[in-house]
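Let me begin by presenting the structure, written as structure tokens, before commenting on it.
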Amino acid sequence: MSIKINLIKNTGYNLGGYFYLLLASFFSISILLNNLGRDVFGVYIFLISFIPLAAVFDFGISNAVIRKLSLPNLDREERVKTWKTSYALFVALALILSVVVICLLLYLSQTLPIFAHLDKNILNWSVLLIALIVLVNHLDNHFLNLAQAEQRFDIFNTKTLLVGSANTIISAFISGIYPNIAFLFGSQLIFHLLTLTFMIRYSRKSFSGRDFAPAYDKQTGKELFSFGIKNFVGTLAGQIENQFSNLILGAMVSAGAITSFSIPQSIVAKGAGVVSQLAQVFFPFSASLLAKDRIKKLKTLVLGIESLVLIGGVSAILLTFTIGQQFLLWWLKDPVVVQTAFPVLKILSFYFLLASLTPIPTALLQGLNKPQVPSFFAVLTVVLEIIFALILVPTFGTIGVAYSFLLSTIITIPPFLVYTSYSLTRKINEYQ
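Residue 29 is where the sequence shown starts when you use the working numbering, and the numbers rise one by one after that.
This is the structure in structure tokens:
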């Protein structure tokens with residue numbers, strides 16, 4: 029199968045699952061907002077954000093494992109060592125992270141005023157269930173690494189279908205019967221467990237018997253951490269970027285402010301996610317195309333994808349300013365939320381244009397064995413965002429966070445794109 033056909037096929041699987049989740053989320057957010065109310069929905073968003081945030085703390089091992097298992101000349105012994113070492117690390121990290129999350133949330137529940145909107149018993153159950161989801165989700169991610177490395181994106185998207193359905197359609201349905209967020213988290217935990225069961229069955233086809241069990245190999249672990257830590261810094265910065273607004277708004281403004289910002293933020297994130305789905309598939313390809321007779325094809329592919337992304341970003345801005353407010357009113361049916369959310373969406377549409385240009389260059393630099401470069405720019409972006417937010421939020425409230433996102437990307441993304449172009453051109457010149 030040719031490179032382009034394989035890329036299109038795997039991207040199709042990813043986008044199929046992603047657009048399903050996008051559609052399910054589209055209908056579910058407005059239902060959850062109306063069933064839970066603005067304040068409780070804000071608390072729900074705050075709590076559930078700890079699941080993807082905790083998932084980041086694999087210290088880059090996921091990408092290191094995917095990259096190594098994707099290598100064409102990896103022998104069976106090295107493959108088994110990589111699997112068993114990864115398994116051992118993910119089990120240890122899952123246990124540690126679940127304990128850290130439950131302790132952190134119990135502390136925050138005593139200090140942040142937004143938790144006054146929840147009954148104490150519901151809050152305690154919610155914290156416990158979030159910690160259990162973090163544990164199971166981390167184990168899920170270990171098994172998903174194998175499916176991605178083997179380019180089985182039909183299997184990889186099992187989590188999107190099961191967990192995605194639980195977080196959207198099923199949670200919306202349950203909230204209509206019993207608007208208790210602890211029940212929502214309980215149903216989501218069940219579907220995380222179903223995903224784990226399915227992925228274990230898939231993985232045992234590649235690693236059976238003693239090869240399947242976790243066992244740490246010191247040399248393999250060192251190799252995984254060497255690549256992983258460089259990549260982890262950027263991934264962590266990306267998640268902090270996604271989640272820090274909830275903490276700042278919850279502490280400095282109100283639970284309602286979290287709702288007003290998180291809805292336009294989720295719209296922008298869904299749009300950027302389309303590019304990320306392609307980048308997820310593009311990552312294993314980028315390393316395989318770093319050969320004398322193929323690297324120019326890689327450059328052509330990157331330029332073509334980035335041109336399409338740029339067109340999509342400009343279109344998003346035009347749609348936001350022409351029909352954005354009417355869309356939010358029709359979708360959310362809450363004029364109070366729309367009044368504060370739409371100005372945020374207008375600013376974030378420009379942020380989207382810049383941010384959507386970064387996933388493909390990031391995957392490219394990782395393939396060039398330079399994960400530290402996107403990590404540096406990601407950290408710089410988040411540091412600037414936090415500084416700008418602390419300055420602007422006391423004066424501008426919710427919209428101050430949106431300005432902080434835009435200003436930081438204006439400063440950091442252009443030089444990042446220039447450096448990526450320079451790195452690829454230099455690599456091409458090495459082969460000439």
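C-beta atoms are modelled at their ideal positions from N, C-alpha and C, and glycine is treated no differently.
Inter-residue Cα distance where the pair is D245 and F85:
20 Å
Using a 10 Å radius around the Cβ and a threshold of 16 neighbouring Cβ atoms, would you call D168 buried or exposed?
buried
Measuring alpha carbon to alpha carbon, tell me which of F47, I295 and I415 ends up nearest I375.
I295
Tell me which same chain residues have a C-beta within less than 7 Å of the C-beta of L157, skipping the five on either side of it?
A210, F213, G214 and L217
Which one of F444, S384 and T188 has the shortest CA to CA distance from V401?
F444
Delimiting residues of the alpha helix (DSSP H) encompassing K398:
Per DSSP, K398 belongs to no alpha helix (DSSP H) and is neither H nor E.
If you draw a straight line from the C-alpha of L373 to the C-alpha of E251, how long is it?
42 Å
So I345 and S377 are in contact, right, with Cβ under 8 Å, and what is the actual spacing, rounded?
5 Å
Among Q354, Y447 and W358, the one whose alpha carbon lies nearest that of L396
Y447
Let me make sure I understand the geometry here. Which of W358, V429 and K325 has the alpha-carbon closest to that of K455?
K325
Beta-carbon spacing of V410, I291 below 9 Å:
no
Could you tell me the boundaries of the alpha helix (DSSP H) in which K233 lies?
Per DSSP, K233 belongs to no alpha helix (DSSP H) and is neither H nor E.
Check for me: the alpha helix (DSSP H) holding V372 runs from which residue to which?
P363 to A383
Please report the distance separating the alpha-carbon of A82 from that of R180.
25 Å
Rounded C-alpha distance that separates M29 from E178:
Only weak support is given to the placement of M29: the predicted model assigns it a pLDDT of 49, under 50, and the question is left unresolved by the model.
If we count the other Cβ atoms within 10 Å of its Cβ and call it buried at 16 or more, is G332 buried or exposed?
exposed
Burial state of R95, where buried means 16 or more other Cβ atoms lie within 10 Å
buried
Taking C-alpha atoms, which residue in L408, V164, L224 and E334 lies nearest to A300?
E334
Which same chain residues, not among the five before or five after K398, have their C-beta less than 6 Å away from its C-beta?
none
Which ranges does the alpha helix (DSSP H) cover as unbroken runs of at least 4 residues, wholly within the region 188-233, from first to last along the chain?
199-205 and 209-231
Please return the same chain residues whose Cβ sits closer than 7 Å to the Cβ of S451, not counting the five positions on each side in sequence.
L393, L396 and K398
Kindly indicate which three-state DSSP category Y447 falls into: helix, strand or coil?
helix
DSSP three-state call for E178: helix, strand or coil?
coil
Straight-line Cα distance separating H170 from S90:
7 Å
Comparing the C-beta of K325 with each C-beta of chain D, is any distance below 9 Å?
No chain D appears in the structure shown, which is made up of a single protein chain.
Roughly how many whole angstroms lie between the Cα atoms of P442 and L381?
12 Å
Taking only runs that begin and end inside the region 334-361, name each unbroken alpha helix (DSSP H) of 4 or more residues, in chain order.
none
Give the straight-line distance between the Cα atoms of F143 and F69, rounded to the nearest whole angstrom.
11 Å
Among A243, P242 and L356, whose alpha-carbon lies nearest the alpha-carbon of Q293?
L356
How many angstroms separate the CA atom of N195 from the CA atom of L102?
38 Å
Selection from R66, L117, R232 and S77 that minimises the alpha carbon distance to H145:
R66
Taking the alpha helix (DSSP H) that F78 belongs to, which residues open and close that run?
F78 to A83
State yes or no: is the C-beta of A430 within less than 9 Å of the C-beta of P363?
no
Using a Cβ-Cβ cutoff of less than 6 Å, which residues in the same chain neighbour T113 once the five nearest sequence positions on both sides are dropped?
Y244, D245, T248 and G249
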